[in-house]
Amino acid sequence: MKAVVIQSFGSADGLAVIDIPAPVPGPGQVTIAAEAIGVGGVDAMIRRGTLAGYGIEEGHIPGSEVAGAVTAVGEGVDASWIGKHVWAFTGRGGGYVEQALAPVEEILPLPADMSAADAVTLGSSGMVAHFALAHAHFVPGEAVLIRGAAGSIGIMAVQLAARGGARAVAVTTSSAERGARLRALGATHVLDRSGDGADAPTGYDVIIDIISGPDMPAFFDKLAPNGRMVAVGAVAGFPPADFGAAMLASFVKSLSFATFSADTVAPSARRAVQLDQWAAAGSGDLRAVVHESLPLEKAALAHRKMDDGEVFGRIVLVP
Ligand SMILES: NC(=O)c1ccc[n+]([C@@H]2O[C@H](COP(=O)([O-])OP(=O)(O)OC[C@H]3O[C@@H](n4cnc5c(N)ncnc54)[C@H](OP(=O)(O)O)[C@@H]3O)[C@@H](O)[C@H]2O)c1
Numbered sequence: 001m002k003a004v005v006i007q008s009f010g011s012a013d014g015l016a017v018i019d020i021p022a023p024v025p026g027p028g029q030v031t032i033a034a035e036a037i038g039v040g041g042v043d044a045m046i047r048r049g050t051l052a053g054y055g056i057e058e059g060h061i062p063g064s065e066v067a068g069a070v071t072a073v074g075e076g077v078d079a080s081w082i083g084k085h086v087w088a089f090t091g092r093g094g095g096y097v098e099q100a101l102a103p104v105e106e107i108l109p110l111p112a113d114m115s116a117a118d119a120v121t122l123g124s125s126g127m128v129a130h131f132a133l134a135h136a137h138f139v140p141g142e143a144v145l146i147r148g149a150a151g152s153i154g155i156m157a158v159q160l161a162a163r164g165g166a167r168a169v170a171v172t173t174s175s176a177e178r179g180a181r182l183r184a185l186g187a188t189h190v191l192d193r194s195g196d197g198a199d200a201p202t203g204y205d206v207i208i209d210i211i212s213g214p215d216m217p218a219f220f221d222k223l224a225p226n227g228r229m230v231a232v233g234a235v236a237g238f239p240p241a242d243f244g245a246a247m248l249a250s251f252v253k254s255l256s257f258a259t260f261s262a263d264t265v266a267p268s269a270r271r272a273v274q275l276d277q278w279a280a281a282g283s284g285d286l287r288a289v290v291h292e293s294l295p296l297e298k299a300a301l302a303h304r305k306m307d308d309g310e311v312f313g314r315i316v317l318v319p
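Residue numbers (the working numbering): 1 to 319.
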């Protein structure tokens with residue numbers, strides 16, 4: 001079967017399409033004939049080599065979520081899964097393939113009205129956005145800033161904060177056109193990447209930071225007293241080593257900083273939130289924003305588009 005592999009870390013040119021044997025599911029696993037594969041910001045970070053220190057090596061197959069039909073089950077898995085359309089989390093990799101493996105506890109049946117492309121767009125992004133807001137102890141009436149709102153996690157965080165009764169949902173983004181699209185999803189204030197903009201709220205109760213990087217400490221100044229910043233991603237790399245000093249400089253504001261990783265959420269809790277969100281998508285309360293669908297073989301093009309900042313929402317690969 002076809003698979004896309006990172007032959008060398010760095011630019012998207014390091015991605016190659018290769019042939020590998022079709023997988024055989026092990027105990028507790030299922031095989032899924034992928035109809036849609038999500039391209040996440042984390043895939044681009046992995047391809048660049050940013051996470052090489054976390055045990056990810058060249059030769060890695062990126063991609064962490066697919067949707068399609070179950071074609072085989074391993075030992076201990078109920079054979080009635082075969083033929084069902086599911087969404088699956090494949091882990092830190094293994095998704096850019098025609099047939100993917102996933103543990104049975106990481107698959108979820110698709111509602112009849114949900115496309116495979118929408119499933120891999122809402123899939124983990126919506127769940128991460130939900131738990132990030134919960135981790136920030138967000139409550140209705142609060143002012144929220146989503147830093148890096150135009151990606152798949154940010155788009156979901158904007159929609160969830162707006163639906164959750166935020167007083168303000170400010171977003172950072174790089175263009176007025178993207179800002180207009182974010183307003184249509186529930187943003188109330190559109191700011192540039194440094195967090196400046198006309199009528200910007202003066203203090204946020206919650207900042208969901210998908211970007212991190214060198215500019216992160218400056219965002220502590222934008223928190224209101226008792227404000228909470230939750231770092232969800234590191235699209236611009238890690239923050240400066242002394243970033244905590246910026247928080248301590250505002251000691252009297254009783255600020256909080258936390259990281260959030262979905263790895264700390266039990267699969268059953270993740271599934272419950274995903275099912276709720278998929279029902280909301282079915283009734284039109286949440287929107288999956290698919291930027292573009294491309295053939296699996298065009299994974300390098302998809303990554304170039306991610307690197308060039310062209311993508312609003314999620315690129316989906318189709319085998
Ligand atoms: N916490 C978890 O459990 C979890 C799970 C999955 C992924 N992640 C993390 O989430 C991140 C990816 O999220 P995503 O796919 O939603 O994001 P993304 O699509 O990679 O990026 C989101 C947006 O950030 C903006 N951006 C890009 N570079 C920037 C820079 N240098 N400075 C400021 N803004 C910049 C761009 O929008 P504009 O051009 O409009 O500014 C881009 O559309 C990764 O770091 C990944 O590791 C976390």
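Glycine included, C-beta positions come from ideal geometry on N, C-alpha and C. Just so we're clear, the structure is a prediction, and the values are computed from it rather than from any experiment.
**Study point:** Host alpha helix (DSSP H) of Thr121 (start-end)
**Key:** Element bounds for Thr121: Ala116 to His135.
Distance, Leu101 Cα to Val318 Cα: Those two C-alpha atoms are separated by around 16 Å.
* At least three beta-carbon pairs within less than 8 Å, the region 274-291 to the region 16-25 -> They do not touch, by the three-pair rule.
Counting Cβ pairs closer than 8 Å, one from the region 138-152 and one from the region 79-89, do we hit at least three?
Because the criterion of three Cβ pairs below 8 Å is not met, the region 138-152 and the region 79-89 do not touch.
- Hey, is Val128 close to ligand 1, as in C-beta under 7 Å from one of its heavy atoms? Yes - ligand 1 has a heavy atom lying nearer than 7 Å to the Cβ of Val128.
Self-check item: Span separating the alpha-carbon of Ala249 from that of Asn226
Solution: If I take the Cα positions, the gap works out to 14 Å.
* To do: Let me know the secondary structure DSSP gives Lys305 once reduced to three states.
  => DSSP places Lys305 in helix when its eight states are reduced to three.
Practice item. Since I believe Ala170 is in contact with Leu191 (beta carbons under 8 Å), could you give me their beta-carbon distance rounded to a whole number of angstroms? Key: Between Ala170 and Leu191 the Cβ distance is about 6 Å, and since that is below 8 Å, they are a contact.
Report task. Please go through the same chain and pick out, in chain order, the residues whose beta-carbon is closer than 8 Å to the beta-carbon of His303, but skip the five residues on each side of it. Result -> Taken in chain order, the residues that qualify are Ala12, Leu15, Val39, Asp43, Ala44 and Arg47.
| message | I want to know whether the region 63-83 touches the region 116-124 - three or more CB-CB distances under 8 Å. | response | The region 63-83 makes contact with the region 116-124: 3 or more CB pairs, one atom from each, lie closer than 8 Å.
### Query
Between the region 75-82 and the region 233-252, are three or more C-beta pairs nearer than 8 Å?
No, the region 75-82 is not in contact with the region 233-252.
### Message
To test your reading of the DSSP string, which unbroken beta strand (DSSP E) runs of 3 or more residues are found completely within the region 133-160?
### Response
Whole beta strand (DSSP E) segments, 3+ residues: 143-147.
Quiz item: For ligand 1, is there a heavy atom less than 7 Å away from the beta-carbon of Val206?
Solution: Checking the Cβ of Val206 against ligand 1 gives no.
Using three-state DSSP, classify Lys2 as helix, strand or coil. Strand.
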